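Chains as they are written, first to last, in the working numbering: chain L, 1 to 327; chain R, 1001 to 1442.
Reading through the structure tokens given below for one structure.
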């Protein structure tokens, strides 16, 4: 075990997979000579050379398409978007090509590609650069969607994503690159996709949180512990396929659920998780499911408004108290 | 026998809709019952099997008497049966001359004429404009059983179903009275309570002495003259005087403000909220003389002035000194007079003419923290207003939740002289003036 940041964990995962399989390569804006806009690809150009670590022009649709083509002929590309906000330009390749190719070719073409980069809110980068787009990508059959919340998860899940034969949308969180945690040193350490993780065990209320909301939910759970409420915090880690079984098992135990996310509420992943809980565990609910989501507004630039738009510990505490019938 | 109308004292089974041995579900129609007003459907209050019909079709039972037993199919009901009054076998005396064998009739034509049912069904069908007897008021009576939708969390509903717990016996502690897991657990942990809510005293197991050590201790004190008079008066009232009740909620902020304002002018005035209520009552009575009235057997007496009786609690009872012509007096006059009368009432120095002959009375228990209550009419007056405590409450105004001083009043009306709509219009005026006391000077 070593204690490293999420940034370093991702770097390790990419380095190890580049070393392990020569079909793996990474491309994107500034990933090579500049070591990556967020330094996730630091040192990789030096180590693996310009055939494996490739700087692209500012053409998201173009290099995403290059990646899909490379995957069709047997390579395993990692496509970095400087942020997922720019992946919006590449959605035709991600959704119409990558997600559909296996199906439309009658199984002839696998697309083992990873689209990765930071998503969600950052620090005062305003409306166009603060978006959490996981519900977009999770909507489409053919894509897998992964969102890690700890260094170990980031490393283990990214390695699994690179080794996976399906296109994977791997969304990191810009605010969390510096978060530290213990990561196993074993170069074959992986975490399977589609398996949720119970970040904290509890008995009274289940909080389902992902990405940025996991540390927030854990802090809320600490506060609630002092108020006599025992929270179980579940991180699905993979949005599609969703490990609903682990969530339902928890709900059967606690009978109360808060779902937390930083993205907008309407048609969000919270909505989907809530519906699946209702379908699978209606008879175990003792209170309506409560969701805590980002504000339903474009992300404000002003610091004070930005803080209000992103769910915080107090909002999750209030939601838990509500479903626990304490207020 | 459930109470299916406000004035019902006994009911007659018009028709059983289930046979002995039939499964019944809570809320399912069980029988049709003729009350004094109409034929009402009675719903089952528990899940189970209709084990025994105690009161057969055409038979009557007073309120609270068992009319049937619902239980589990196998349950031993012999002890319950032994408690049932005169347990006449159900179908024995069919009022109709139908040669039907044992079991009660299966779905028969809806209207089965049962003999003694003078004022039953048709009440609602005839025009009520000219029919002076029993028409206007009397809102359709819901059963005394808690009506409306029960709110239960899915988990609590499942737990109750699995443990055979009757949700009607459970008090919900969640938002809006929602029954939640905690409530089910509490109900289940109670020591072997009776499974269903009992509408009559729980029968004592035969042969088992009632587990009470000795009769309660007591002391005897002679009933005072006033106590006896109160008793006599109230029986006189509740017996022959058909009461009905109208409640409304009043925003008191302006009245309270007015009181503060007046008392700030002269601290000696000491105007109370009750004084304002007296004044407003008198003003409203002047606008609704039909409420300022008395039923006198052969005639209805309408009064010209508002002589307001004000109930005053005294050492051994209560008495209602009268503020004469309150409609013509100023607030300060009323305040001074009430203060003076109450003082003499408490020292028992009121003259009979000072506590009789009111045209309308007010009873205020607000100072005891009572939110609302109903008062008993002091005959021959036509009505009495019961005033509850004024307290800050969240209310919705212009779609905003705001805090207002809220007071609830309930008017008891003598239905022989005041009808529902008449009383309601008076209360409307009363509320309007009290909420905007400037009307007093307009």
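Yeah, the Cβ is synthetic: ideal placement off N, Cα and C, and Gly gets one too.
These numbers come from a predicted model, not from an experiment.
Assigned secondary structure, residue i (DSSP; H/G/I helix, E/B strand, else coil)
i: residue 209 (chain L); result: strand
i: residue 1239 (chain R); result: coil
i: residue 376 (chain L); result: Chain L is shown from 1 up to 327; residue 376 (chain L) falls before or after that span and cannot be answered.
i: residue 109 (chain L); result: coil
i: residue 58 (chain L); result: coil
i: residue 1246 (chain R); result: strand
i: residue 275 (chain L); result: helix
i: residue 1170 (chain R); result: coil
i: residue 224 (chain L); result: helix
i: residue 1417 (chain R); result: coil
i: residue 217 (chain L); result: helix
i: residue 18 (chain L); result: helix
i: residue 1349 (chain R); result: coil
i: residue 1149 (chain R); result: coil
Opposing strand residues paired with residue i [DSSP bridges]
i: residue 1062 (chain R); result: R:1010
i: residue 267 (chain L); result: In the DSSP output, where bridge partners are listed per residue, residue 267 (chain L) has none listed.
i: residue 146 (chain L); result: L:170, L:238
i: residue 1400 (chain R); result: R:1397
i: residue 1067 (chain R); result: BP columns for residue 1067 (chain R) are empty, so no partner.
i: residue 1391 (chain R); result: R:1406
i: residue 1041 (chain R); result: R:1032
i: residue 1302 (chain R); result: R:1293
i: residue 255 (chain L); result: None; residue 255 (chain L) has no bridge partner.
i: residue 77 (chain L); result: L:25
i: residue 180 (chain L); result: L:5
i: residue 118 (chain L); result: L:172
i: residue 1385 (chain R); result: R:1362, R:1411
i: residue 53 (chain L); result: L:26
i: residue 1318 (chain R); result: R:1313
i: residue 1015 (chain R); result: R:1032
i: residue 1052 (chain R); result: R:1069
Buried/exposed call for residue i, threshold 16 Cβ in 10 Å
i: residue 1399 (chain R); result: exposed
i: residue 11 (chain L); result: buried
i: residue 1047 (chain R); result: buried
i: residue 172 (chain L); result: buried
i: residue 8 (chain L); result: buried
i: residue 1442 (chain R); result: exposed
i: residue 1183 (chain R); result: buried
i: residue 330 (chain L); result: Past the edges of chain L, shown from 1 to 327, lies residue 330 (chain L), and the structure says nothing about it.
i: residue 305 (chain L); result: exposed
i: residue 184 (chain L); result: exposed
i: residue 1149 (chain R); result: exposed
i: residue 1051 (chain R); result: buried
i: residue 1265 (chain R); result: exposed
i: residue 1132 (chain R); result: The pLDDT assigned to residue 1132 (chain R) is 38, lower than 50, so where the model puts this residue is not dependable; a value taken from the coordinates is nonetheless given after this. Per the 10 Å Cβ criterion, exposed.
i: residue 1426 (chain R); result: buried
i: residue 96 (chain L); result: exposed
i: residue 1180 (chain R); result: buried
i: residue 137 (chain L); result: buried
i: residue 303 (chain L); result: exposed
i: residue 1401 (chain R); result: exposed
Own chain partners of residue i with C-beta closer than 6 Å, once the 5 adjacent residues on each side are dropped
i: residue 1258 (chain R); result: 1437
i: residue 1318 (chain R); result: 1311
i: residue 1314 (chain R); result: 1345, 1346
i: residue 6 (chain L); result: 151, 154, 176, 177, 179
i: residue 315 (chain L); result: 292
Same chain, Cβ closer than 8 Å to residue i, five either side skipped, listed in chain order
i: residue 1063 (chain R); result: 1001, 1002, 1003, 1008, 1009, 1010, 1011
i: residue 1358 (chain R); result: 1307, 1308, 1309, 1320, 1322, 1378, 1381
i: residue 1200 (chain R); result: Reliability fails at residue 1200 (chain R), whose pLDDT of 39 lies under 50, so the model's placement of it is uncertain and the value that follows must be treated cautiously. 1064, 1065, 1066.
i: residue 340 (chain L); result: Given a span of 1 to 327 for chain L in the structure shown, any question on residue 340 (chain L) remains unanswerable.
i: residue 1433 (chain R); result: 1280, 1283, 1284, 1439, 1440
Interface residues of chain C facing residue i [CB-CB closer than 9 Å]
i: residue 325 (chain L); result: Here chain C cannot be found, since the structure's protein chains are L and R.
Same chain only: Cβ atoms within 7 Å of residue i, ignoring 5 sequence neighbours per side
i: residue 335 (chain L); result: Here chain L covers residues 1 to 327 and nothing more, so residue 335 (chain L) does not appear.
i: residue 191 (chain L); result: 153, 156, 157, 160
i: residue 1187 (chain R); result: 1165, 1169, 1170
Going along the stretch 1148-1176 of chain R in order, which residues come within less than 8 Å of chain L, judged by CB to CB distance? 1153, 1154, 1155, 1156, 1157, 1158, 1173, 1174, 1175
For the stretch 1244-1272 of chain R, which residues have a CB atom closer than 8 Å to at least one CB atom of chain L, in sequence order? none
Taking a cut of 7 Å between CB atoms, which residues from the stretch 177-210 of chain L lie near chain R? Contacts with chain R (Cβ-Cβ distance below 7 Å) from the stretch 177-210 of chain L involve no residue at all.
Which residues, taken in chain order from the stretch 277-294 of chain L, show a beta carbon closer than 8 Å to some beta carbon of chain R? 282, 283, 284, 285, 286, 287
Which of the residues in the stretch 304-317 of chain L, read from start to end, lie with their CB under 9 Å from any CB of chain R? none
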